[in-house]
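Everything in the sequence shown is counted per my numbering, starting at 3 for the first residue and increasing by one. In this text, a Cβ means the ideal position worked out from N, Cα and C, and glycines have one as well.
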Amino acid sequence: MTLHLVPVRFRDAAGFVATWHRHHPPPPGALFCVGAADDAGVLRGVAIVGRPIARHLDNGQTAEVTRTATDGTPNANSLLYGACRRAAFALGYTRLITYTQNGETGASLRGAGWRVVAQRPARRGWDCPSRPRDSHGTDHIARTLWEAA
């Protein structure tokens, strides 16, 4: 099977993430999205790029791959990460980042030429008495910060 890149609307990418992503819901918005389709035009994976989640990284020059999701098709994630890097830099962004959770290998990121920048410790979550929030099941999990080379 040969994969190729296709444009994807945010609405469709969010639907794909809702169906296929292992532990996160779709993000609330995006700067751009890209898809990976097979020879028959069947969508096999999507990537959503948005503003950085961390406020101190949201400087107008940095973008973040906030979600990728595939149906398990080999090499789809690496294709998507590479496309996100090329698109972000072509749009004038000078930095592109993403995170993986502890226990994820990052093989797709390494395959697309990304590098580990930092290890982030597990955080207690976003819920606090002054601003209660529901847990999405990702609290108390360490993360790895990656950057597109």
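For residue i, the first and last residue of its enclosing beta strand (DSSP E)
i, result
"Arg145", "145-150"
"Cys35", "34-39"
Buried versus exposed call for residue i [16 or more other C-beta atoms within 10 Å across all chains shown]
i, result
"Val44", "exposed"
"Thr68", "buried"
"Gly47", "buried"
"Pro76", "exposed"
"Thr96", "exposed"
Nearest-angstrom Cα separation, counted from residue j out to residue i
i, j, result
"Ala150", "Asp136", "31 Å"
"Pro30", "Asp73", "21 Å"
"Arg79", "Leu111", "Here residue 79 is Asn; the residue named in the question, Arg, does not match the sequence. One C-alpha to the other measures close to 8 Å."
"Trp22", "Ala89", "23 Å"
"Leu93", "Gln121", "28 Å"
"Gly115", "Arg126", "31 Å"
"Thr100", "Phe91", "15 Å"
"Ala235", "Leu98", "The chain is shown from 3 up to 151; residue 235 falls before or after that span and cannot be answered."
Residue span of the alpha helix (DSSP H) that contains residue i, given as start and end
i, result
"Gly84", "78-92"
Within 8 Å, do at least three Cβ pairs link the region 95-112 to the region 127-136? no
The region 4-24 in contact with the region 40-49 per 3-pair CB rule at 8 Å: yes
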